[in-house]
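Following: one structure in structure tokens, then a few remarks.
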Amino acid sequence: MSEVPEETGDGRVDAIVARLGRLGELPVSEHVAVFDEAFSELESTLAAVEETTREESADAGRR
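Under the working numbering, the first residue of the sequence shown carries the number 1200, and numbering increases by one thereafter.
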């Protein structure tokens, strides 16, 4: 597995990535579920960032 940075700069993403550290304690048959969970959480985080950016852009355009 490749090296993962200690921190990404986003606490939400860091928490998700940190939970991937438990993979070594789980049987391989359970890895897919962990990756699916992380993927879903990362998608939600990205959507939240995009929504915040959109709202900030709209607010700036009204000024």
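Just so you know, even glycine gets a beta-carbon here, dropped at the ideal spot from N, CA and C.
7 Å Cβ shell around residue i - same chain, five flanking residues per side excluded
i	result
residue 1218	1237
Which of helix, strand or coil DSSP assigns to residue i
i	result
residue 1221	helix
residue 1205	coil
residue 1261	coil
Beta-carbon contacts of residue i that lie in its chain and below 8 Å, excluding the five residues immediately before and after
i	result
residue 1244	1209, 1211, 1212 and 1215
residue 1263	For the chain, the structure presents residues 1200 to 1262; residue 1263 sits outside this window and is missing.
Chain-order list of residues whose beta-carbon lies under 6 Å from that of residue i (same chain, five-residue window excluded)
i	result
residue 1239	none
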